[in-house]
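Counting from 237, one number per residue, gives the positions in the sequence shown under this note's numbering.
The C-beta atom is built at its ideal place from N, Cα and C for all residues, glycine as well.
Structure first, then comments.
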Amino acid sequence: MKKIILLTLFFGILLTACENKPGKKNEPKIENTPDININSESGKNQRNDTVKKPGAVEYLYKSDNGEIVDVSFFEEDGEKYVEVQREGQTALVLEQIHASEKMGVYQKENNKFIRQNDQATFTNGINFLKLTLISPLKYTYTNDRENISITYFSKGDKRFVTIQKDNQPEITLEQTTSWAKGAEYGKGAVQWRSQRNKGTLIEDGIKTEFKEKE
Numbered sequence: 237m238k239k240i241i242l243l244t245l246f247f248g249i250l251l252t253a254c255e256n257k258p259g260k261k262n263e264p265k266i267e268n269t270p271d272i273n274i275n276s277e278s279g280k281n282q283r284n285d286t287v288k289k290p291g292a293v294e295y296l297y298k299s300d301n302g303e304i305v306d307v308s309f310f311e312e313d314g315e316k317y318v319e320v321q322r323e324g325q326t327a328l329v330l331e332q333i334h335a336s337e338k339m340g341v342y343q344k345e346n347n348k349f350i351r352q353n354d355q356a357t358f359t360n361g362i363n364f365l366k367l368t369l370i371s372p373l374k375y376t377y378t379n380d381r382e383n384i385s386i387t388y389f390s391k392g393d394k395r396f397v398t399i400q401k402d403n404q405p406e407i408t409l410e411q412t413t414s415w416a417k418g419a420e421y422g423k424g425a426v427q428w429r430s431q432r433n434k435g436t437l438i439e440d441g442i443k444t445e446f447k448e449k450e
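In structure tokens form, the structure reads like this:
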């Protein structure tokens, strides 16, 4: 009888030890879950506004209070948009709601951008800005024998000019110096000097005078 009692106690202790063995606890199963960004806003589409859309055409405008506004036009899924980037503020993407030969209207909620030739306006429902295009600026110059197309534009803090002559590849020159109402651009043996509505093209030391075509 004692042997039976001892065997029963032995197997009871052994069974209890097995149930409490480390690593055998009945823990809930944890599935793989995606990382959660606690800084993101729930339900809001995330986009990197510092990366320009492929094919976007970028312009710089200057407001009547001196603010520089970066404006990019792009198309996506057959719809046209404009991205408005003001200094120190989050970029806004507005959808085109009206278009004509000389005007484009883009809007999202209280934000509205209207483009008309080289002028534009922007409002966010509180502020109203009158904008003037400063880059790129396109002109046609002539010397009464030939015409050339001159495009001034900015990239970062640098200034450039692109020169397009008839049936010749265009050439882009970086600004090397500037003065009141004028500037000089150069690359190798080619230079362009602009002064008000006149310009001088220098190619291999040969100067050709141009004036802006009316």
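Is the shortest distance between the beta-carbon of residue i and the beta-carbons of chain C less than 8 Å?
i, result
"K289", "Looking for chain C here will not work: only one protein chain is present."
Using the C-alpha atoms, what's the distance from residue j back to residue i?
i, j, result
"K443", "Q332", "46 Å"
"F309", "E448", "28 Å"
"D393", "E410", "11 Å"
"E450", "T378", "10 Å"
"D440", "A416", "26 Å"
"Q321", "E294", "11 Å"
"P405", "K289", "27 Å"
"L328", "V341", "14 Å"
"F349", "A425", "42 Å"
"N403", "R381", "15 Å"
"K344", "L330", "5 Å"
"T326", "T359", "15 Å"
"N347", "Q400", "37 Å"
For a test of the three-state rule: what should DSSP assign to residue i, helix, strand or coil?
i, result
"T359", "strand"
"D306", "strand"
"Q404", "coil"
"E448", "strand"
"K289", "coil"
"T326", "coil"
"I266", "Low per-residue confidence applies at I266: pLDDT is 29, beneath 50, and the placement is therefore not dependable enough to give any value."
"K434", "strand"
"K338", "coil"
"K417", "coil"
"R381", "coil"
Is it right to say residue i is buried, meaning 16 or more other beta carbons lie within 10 angstroms of its own, or is it exposed?
i, result
"W428", "buried"
"R351", "buried"
"I240", "Because the pLDDT of I240 is 46, which lies under 50, any placement of that residue in the model is unreliable, and the number read from its coordinates should be weighed accordingly. Answer is exposed; the Cβ neighbour count stays below 16."
"E319", "buried"
"I362", "exposed"
"V307", "buried"
"G302", "exposed"
"G435", "buried"
"N433", "exposed"
"V397", "buried"
"V305", "buried"
"F364", "exposed"
Sorted by chain position, which residues of the same chain lie with C-beta nearer than 6 Å to residue i's C-beta, five sequence neighbours on each side aside?
i, result
"E420", "T412, T413 and R429"
"Y375", "I386 and E448"
"F389", "S371, P372 and F396"
"D300", "K366"
"N275", "With a pLDDT of 31 at N275, under the threshold of 50, the modelled position of that residue is not reliable, and no figure is offered here."
"I266", "Unreliable positioning characterises I266 in this predicted model, as indicated by a pLDDT of 29, which lies under 50. A coordinate reading is not provided."
"K316", "Q332"
Quick one: what's got a C-beta closer than 7 Å to residue i's C-beta in the same chain, skipping five residues either side?
i, result
"T368", "Y297, K298, D354 and Q355"
Closer than 8 Å by C-beta to residue i: which residues in its own chain qualify, once you throw out the five before and the five after it? Chain order, please.
i, result
"F446", "Y377, T378, N379, I384, K434, G435, T436 and L437"
"K423", "I407, T408, L409 and E410"
"M227", "This structure cannot speak to residue 227, because the chain is shown only from 237 to 450."
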